[in-house]
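Counting in the working numbering, the sequence shown runs from 4 upward without gaps. Glycine residues also receive a C-beta, built at the ideal position from the N, C-alpha and C atoms. Note that the coordinates shown come from a computational prediction; the quantities given were computed from them, not determined experimentally. Since the structure comes first, as structure tokens, the remarks are kept for the end.
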Amino acid sequence: MKDRRNPLKTARGLGSAQSGVEHWWTQRVTAVALVLLGLWFVVTVLCLLHADYATARATVAKPWNALLLIAFVLTMFWHAVLGLQVVIEDYVHTRWKEVVLMVAIRFLAVLGALAGVLAVLRIALTP
């Protein structure tokens, strides 16, 4: 039987990339994680509102608090990269600009995440 579709409707070689659902789910999972970690972070900060430096440092140095703070920092940067990637893919139409922006965003996110993790580890591991 002859194909009755208009040739303009047939995209040759341009099928699904098979990664959109995974990206969508990852963004949703990081959002839920950020809600939970964000609530923990706000409660922790509110408990430390009138505390002195030594108390705040001791609180961050506790293993569970340090672990949750590292998870919060990493999840925050990961979620930000996913969101900015969608914005760039949707609104930047020049390929080289898109690539440069994506590389810059990922570089800055990795740099920020490493700085945050290093800061938490210095507090947690320094006596």
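* **alpha helix (DSSP H) segment containing P66, residue limits** => Residues 66-94.
inquiry  = Could you give the first and the last residue of the continuous alpha helix (DSSP H) run that contains T47?
reply    = 23-50 is the span of the alpha helix (DSSP H), which, as asked, contains T47.
For the alpha helix (DSSP H) holding A127, just list the boundary residues, first then last. In this chain, the alpha helix (DSSP H) harbouring A127 covers 98-128.
query: Hey, would you say V116 sits closer than 7 Å to V89, going by beta carbons?
result: Going by the sequence as given, residue 116 is Ala instead of Val. In this structure, V89 does not lie closer than 7 Å to A116 by Cβ.
What separation, rounded to the nearest whole angstrom, lies between the Cα atoms of M79 and G86?
Answer to the nearest angstrom: the Cα atoms are 11 Å apart.
| message | Let me confirm a value: L40 is counted as buried when at least 16 other C-beta atoms fall within 10 Å, else exposed. Which label applies? | response | L40 should be labelled buried.
Cα-Cα separation between I91 and A57, rounded to whole angstroms:
Each residue's Cα considered, the two are about 43 Å apart.
- Query: In three-state terms, what does DSSP make of A54?
  - Reply: DSSP, read as helix, strand or coil, puts A54 in coil.
*asked:* I need the straight-line Cα distance from F110 to G119, nearest angstrom please.
replied: Cα to Cα, F110 sits roughly 14 Å from G119.
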